[in-house]
Every structure is written in C-alpha cells, then in structure tokens.
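To keep things clear, I will list the structure first and then write my remarks on it.
Here it is, written out as structure tokens:
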C-alpha cells in the first residue's frame with residue numbers, strides 16, 4: 001500500500017472513532033480488527049457526541065470529502081436497504097466543493113484539445129460558472145460560429161483519489177460483510193454499484209453520447225430540451241455543450257414571476273419520466289434539482305431543460321412490463337396479481353409461496369387503501385414493495401435502484417412545484433396505454449414480423465431439433481423423480497417451443513400452397529392466422 005493510501009486509511013479510521021461509527025455494529029459481531037483499531041486510537045477525541053446515529057454518519061461522510069459525500073448521496077437512494085431516518089439524513093449531503101484554479105482548468109482543456117484555447121474559443125472565463133466534486137464548468141464562445149458554450153473539465157488528479165477511496169471502501173465493506181447487519185445491508189454490493197456510477201461520471205465522452213441520445217429522443221418536444229453537444233470537441237476529460245439560460249427549477253419565485261403554469265410544469269415532469277422509461281427505455285437517472293432548469297420561453301407551456309447526463313438507466317422488457325403491472329395491480333388493489341407478477345417475473349424466487357408473499361404485500365399496502373391516491377407517494381410505494389420483497393430474497397437490480405431514485409426525485413420535485421399534484425392520475429392513463437400496446441394484436445403482429453426472418457432461416461433444422469429434443473426428453477424422464485425437475489422443465493419448454501414453431505411453419509406453408517393452387521382466400525387466411533398464432537407461442541416460449 002502506498003504512503004498516500006496509508007495516510008487516507010488513517011484519516012478514515014480516525015473519522016470512524018471520532019463519530020463512534022463502530023457503535024452502529026452489534027458488539028458481539030463486530031470484526032476483531034475493527035475493535036483493535038478503534039482502541040489503539042485512544043487519543044482521538046469524539047465529535048457530535050449528542051447527535052443521533054444517522055446524523056453522525058452524515059457528518060462523518062461530509063468530513064471525508066467529495067468522494068464520500070457522493071457515496072452518501074447514492075446510499076440515500078437505497079431506501080430498500082436503509083431505515084428512513086438514515087436515508088433522509090444522507091439525502092441532505094451537499095456536493096459543494098471549492099473550485100480549483102481556473103488557469104489550471106485552462107491547461108487541462110488545452111492538453112485535452114492539443115492546442116491553445118484561444119485558437120478555438122474566445123471570451124474564455126477563467127472564473128468557473130459552477131464547481132462540483134468531479135468536474136467544474138467554464139464558459140466561452142466558439143470562434144468559428146459565435147455559439148456560446150460551456151466547457152466541463154474533470155478535476156486534475158481526481159481519478160487517482162477516487163480509485164484510492166474506492167479501494168478503501170471495498171476493504172471496509174468486505175470487513176463489515178462478515179457481520180449480520182453488514183450482510184443485510186449488502187455492503188460489498190452497494191460499494192460496487194457506487195464504483196460503477198462514479199467511474200461513469202469520469203468519462204465525459206460517454207456523457208456526451210448520453211446527452212445526444214436524450215436530445216434525439218425529445219427532438220421537437222415541448223416537454224424537454226437537452227442542450228446541443230459538440231462531439232468533435234469532446235474528450236474523455238472534456239465536455240463541450242451549448243450554454244443555456246434557464247431558471248433553476250427550485251427558484252419558485254422566479255418561475256411564478258414569469259407566469260409559469262406550475263400545474264402543467266409538475267405534470268409534464270411526470271410525463272417526461274414515464275416517456276423516458278417506457279417509450280425510449282433510456283432515462284436520465286440523476287435528475288436532482290441542480291440538474292434541471294425551466295426555459296424562459298412560453299411560460300404558459302413550460303419546457304424543462306436537462307443537463308449532466310452522466311448517469312442514465314434502462315430496463316429490460318421484462319422489467320418494464322412487470323413494473324407497469326405492479327403499479328396497475330396496486331391501482332386496482334389486486335394483491336394476488338401483485339404477488340404473481342413478482343414471482344412470475346423472477347424478481348423473487350419461483351419457490352416463493354404465493355399465499356405467504358401475498359400476505360406480506362397486504363400487510364404493507366392495506367394501510368394505504370383508505371388514503372386518497374394523491375397523498376400516496378409513488379416512489380415510496382416502490383421502496384416499500386422492494387423492502388417487502390427483500391424478505392423473500394429479492395435481489396434488486398442496479399437499474400431498478402436507478403429507477404427508484406429517479407422516481408423519488410421527480411415526485412418530490414413535482415409536489416414542490418404544485419403541491420396538489422396527483423401523480424397517480426397523471427401516470428395511470430400512460431401505463432394503461434403502454435400495457436395495451438404491449439399485449440394488443442398490433443404488438444403481437446410486430447413480434448411475429450421481427451421473428452420471421454430468424455425462423456425462416458431455422459426452418460430446415462426443425463425436424464432434426466424436434467427429434468433430438470424428443471430423444472432427450474425420453475432420457476430425462478427415466479431419471480428418478482425430483483433429481484432433475486428443473487432441467488426437465490426447461491427442456492420441455494424448449495421442446496414445446498420447437499413443436500409450436502414447426503406446426504406454425506407447416507400451417508403457413510399449407511396456406512401458401514392452398515392459396516396458390518386453388519385461390520381459396522378464407523381457408524388459406526384461417527390457416528395463416530393459425531400458423532402465426534402457433535409461431536407467436538413458440539417464439540414466446542423460446543424467449544422466456
């Protein structure tokens with residue numbers, strides 16, 4: 001371990017003792033090495049002695065600097081793991097870091113571009129427009145076009161600091177993972193998620209790509225505007241983007257002063273979120289108020305402006321369908337359906353007792369039944385559902401955590417803008433329409449069209465595949481009961497998918513022959529429809 005890493009490890013150990021963080025672990029399960037380190041540092045004084053545990057954790061992370069502050073912010077979104085007291089305290093952490101020297105920023109920009117800054121830009125301002133833990137922003141004008149732009153440049157040497165702190169976090173997580181509480185908090189998993197998130201923020205070329213994709217998705221939309229990116233000027237540690245002059249979304253006085261339709265602005269935020277998730281399957285996952293502005297144009301038809309696209313998320317088709325199904329089942333208080341969705345989606349184990357899981361869901365959700373929907377938090381409902389499912393060994397995937405975090409941001413922001421916002425009323429029609437599009441006839445026809453070239457290519461292999469699967473099924477069925485149940489089930493599903501695909505192919509070929517030879521439209525149409533239905537079923541089984 002290097003000298004700087006040892007020095008940082010000492011700082012962390014000192015902070016742990018100062019804020020009595022070791023007290024948060026059960027004494028009988030605390031690793032011996034942590035107890036020894038704590039006692040050896042007897043000269044270190046205590047701080048915030050009268051503060052509660054959550055406040056001490058917040059102050060400790062704040063004292064350790066920007067990397068740990070961002071870690072605390074990320075941790076505050078894991079409400080499926082943390083008690084609300086800790087999550088609320090960590091959510092108050094502010095990523096406020098003094099700027100570094102503007103002349104040093106200029107050197108970094110020139111090094112990234114390989115030429116003097118005044119060759120490309122005029123009016124470069126050495127005083128930063130904004131500063132954060134990973135990067136800071138300067139303004140300038142492109143000489144060739146006169147476009148006003150911002151230059152976001154990564155802090156010098158921050159990558160080394162991040163990697164060093166991540167290594168220490170991982171080592172600490174490995175230690176506390178040996179405790180019961182550490183296992184429940186999945187410390188190693190949380191640190192790994194954070195590692196991916198913060199390292200992604202260091203790659204500004206990826207951020208530029210994310211911004212361009214979001215901009216294309218909402219091209220011409222009155223709901224969301226993403227500033228233009230100049231990809232030819234972007235580098236891994238430099239982002240060049242159009243400068244915007246919107247109103248910060250938290251400046252309620254300025255928004256009201258210009259006559260902004262606050263109800264429409266709040267509802268539009270919800271629509272933007274669900275459009276990104278369900279239509280585009282690509283959502284801005286860092287939509288805290290500091291990254292959102294409102295255009296000064298058309299206050300009666302307000303437009304959001306989104307910046308800082310370093311963190312984005314997407315869901316699998318299965319996750320999207322299940323998420324929509326979960327919300328609609330809650331709308332209709334259909335708890336058996338809710339349990340079925342969780343088990344059928346694979347979010348919880350297939351061995352889960354559906355009746356017991358339904359009871360657990362009722363325990364969480366029934367107290368909400370008498371509340372008006374407008375008073376129920378969409379985001380907190382999702383948090384409670386994930387907490388309940390964790391008792392049944394649900395592994396919450398990183399993309400679902402990003403979604404949960406973003407939903408909490410959007411909902412909190414929407415109700416800050418317009419306290420009467422009924423998020424459910426805004427979201428339900430959107431979800432119902434999307435579900436109808438997913439399971440309706442047009443959606444099924446689209447899936448058949450997409451699968452058709454593949455199955456036409458595989459059609460000559462079907463007889464051999466069917467024979468092989470029949471033989472394998474006979475062999476597997478000879479095994480003692482229960483030894484290979486799961487494998488047999490999988491092979492049966494594959495066998496059944498091939499069976500439906502062969503039948504579908506035969507019916508489609510027959511309909512073509514019948515139409516070509518006898519010109520009989522209705523019988524051939526019926527055969528073709530039956531063939532499409534069989535193919536769709538085979539395709540569905542094959543992709544489960």
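Residue numbers (full-length UniProt numbering): 1 to 544. For every residue, glycine included, the Cβ atom is placed at its ideal position computed from N, Cα and C.
Can you give me the C-alpha to C-alpha distance between residue i and residue j, rounded to a whole angstrom?
{"i": "residue 218", "j": "residue 287", "result": "16 Å"}
{"i": "residue 260", "j": "residue 390", "result": "42 Å"}
{"i": "residue 323", "j": "residue 434", "result": "11 Å"}
{"i": "residue 483", "j": "residue 330", "result": "Confidence is the limiting factor: at residue 483 the pLDDT is only 42, short of 50, which leaves the residue's position unreliable, though a coordinate-based value still follows. Cα to Cα, the separation comes out at about 38 Å."}
{"i": "residue 519", "j": "residue 460", "result": "Residue placement at residue 519 is poorly supported in this model, since its pLDDT is 49, which falls under 50; the coordinates still yield a value, given next. Roughly 27 Å between the two C-alpha positions."}
{"i": "residue 409", "j": "residue 223", "result": "17 Å"}
{"i": "residue 107", "j": "residue 385", "result": "50 Å"}
{"i": "residue 16", "j": "residue 55", "result": "13 Å"}
{"i": "residue 480", "j": "residue 392", "result": "Unreliable positioning characterises residue 480 in this predicted model, as indicated by a pLDDT of 49, which lies under 50. The coordinate reading is nonetheless provided below. Whole-angstrom Cα-Cα distance: 30 Å."}
{"i": "residue 166", "j": "residue 70", "result": "12 Å"}
{"i": "residue 417", "j": "residue 75", "result": "26 Å"}
{"i": "residue 432", "j": "residue 274", "result": "12 Å"}
{"i": "residue 387", "j": "residue 378", "result": "14 Å"}
{"i": "residue 210", "j": "residue 312", "result": "7 Å"}
{"i": "residue 14", "j": "residue 109", "result": "37 Å"}
{"i": "residue 216", "j": "residue 225", "result": "10 Å"}
{"i": "residue 97", "j": "residue 348", "result": "41 Å"}
{"i": "residue 113", "j": "residue 229", "result": "16 Å"}
{"i": "residue 381", "j": "residue 394", "result": "16 Å"}
{"i": "residue 100", "j": "residue 248", "result": "24 Å"}
{"i": "residue 143", "j": "residue 213", "result": "26 Å"}
{"i": "residue 207", "j": "residue 20", "result": "39 Å"}
{"i": "residue 125", "j": "residue 231", "result": "21 Å"}
{"i": "residue 360", "j": "residue 429", "result": "28 Å"}
{"i": "residue 295", "j": "residue 402", "result": "26 Å"}
{"i": "residue 82", "j": "residue 61", "result": "16 Å"}
{"i": "residue 172", "j": "residue 303", "result": "44 Å"}
So what does DSSP say about residue i, is it helix, strand or coil?
{"i": "residue 13", "result": "helix"}
{"i": "residue 146", "result": "coil"}
{"i": "residue 313", "result": "strand"}
{"i": "residue 307", "result": "coil"}
{"i": "residue 483", "result": "With a pLDDT of only 42 at residue 483, under 50, the local geometry of the prediction cannot be trusted, and the value read off the model is given with reservation. Residue state, collapsed to three classes: coil."}
{"i": "residue 93", "result": "coil"}
{"i": "residue 258", "result": "coil"}
{"i": "residue 115", "result": "coil"}
{"i": "residue 352", "result": "coil"}
{"i": "residue 211", "result": "helix"}
{"i": "residue 248", "result": "strand"}
{"i": "residue 431", "result": "helix"}
{"i": "residue 140", "result": "strand"}
{"i": "residue 519", "result": "Unreliable positioning characterises residue 519 in this predicted model, as indicated by a pLDDT of 49, which lies under 50. The coordinate reading is nonetheless provided below. Three-state DSSP puts residue 519 in coil, outside helix and strand."}
{"i": "residue 288", "result": "coil"}
{"i": "residue 219", "result": "coil"}
{"i": "residue 132", "result": "coil"}
{"i": "residue 330", "result": "helix"}
{"i": "residue 357", "result": "helix"}
{"i": "residue 121", "result": "strand"}
{"i": "residue 100", "result": "coil"}
{"i": "residue 409", "result": "helix"}
{"i": "residue 394", "result": "coil"}
Taking residue i as part of the beta strand (DSSP E), name the residues at either end of that continuous run.
{"i": "residue 59", "result": "Premise fails: residue 59 lies in the alpha helix (DSSP H), 53-63, not in any beta strand (DSSP E)."}
{"i": "residue 294", "result": "292-294"}
What residues match up with residue i in a beta bridge as DSSP calls it?
{"i": "residue 241", "result": "150, 229"}
{"i": "residue 375", "result": "Bridge partners of residue 375: none, in fact."}
{"i": "residue 20", "result": "For residue 20, which the question treats as bridged, DSSP gives no partner whatsoever."}
{"i": "residue 224", "result": "304"}
{"i": "residue 235", "result": "238"}
{"i": "residue 282", "result": "Note: residue 282 sits in no beta bridge, so no partner."}
On the DSSP letters alone, give me the boundaries of the alpha helix (DSSP H) that residue i sits inside.
{"i": "residue 386", "result": "378-390"}
{"i": "residue 192", "result": "187-201"}
{"i": "residue 335", "result": "335-345"}
{"i": "residue 71", "result": "66-76"}
Is residue i near the ligand FAD, judged by its Cβ being under 6 Å from some heavy atom?
{"i": "residue 344", "result": "Questions concerning the ligand FAD fall outside what the structure shown contains, since it holds no ligand whatsoever."}
Exercise. Would you check if the stretch 196-208 and the stretch 229-240 touch, i.e. whether three or more CB-CB distances between them fall below 8 Å?
Key: With a cut-off of 8 Å, the stretch 196-208 and the stretch 229-240 count as touching, because enough Cβ pairs lie within range.
Exercise. Report yes or no: do the stretch 110-121 and the stretch 136-152 share at least 3 C-beta pairs separated by less than 8 Å?
Key: Yes: the two stretches touch, three or more of their Cβ pairs being nearer than 8 Å.
Quiz item: Does the stretch 294-309 come close enough to the stretch 337-346 to have 3 or more Cβ pairs within less than 8 Å?
Solution: no
Quiz item: Below 8 Å, can you find three or more Cβ-Cβ pairs linking the stretch 265-282 to the stretch 410-430?
Solution: Because the criterion of three Cβ pairs below 8 Å is met, the stretch 265-282 and the stretch 410-430 touch.
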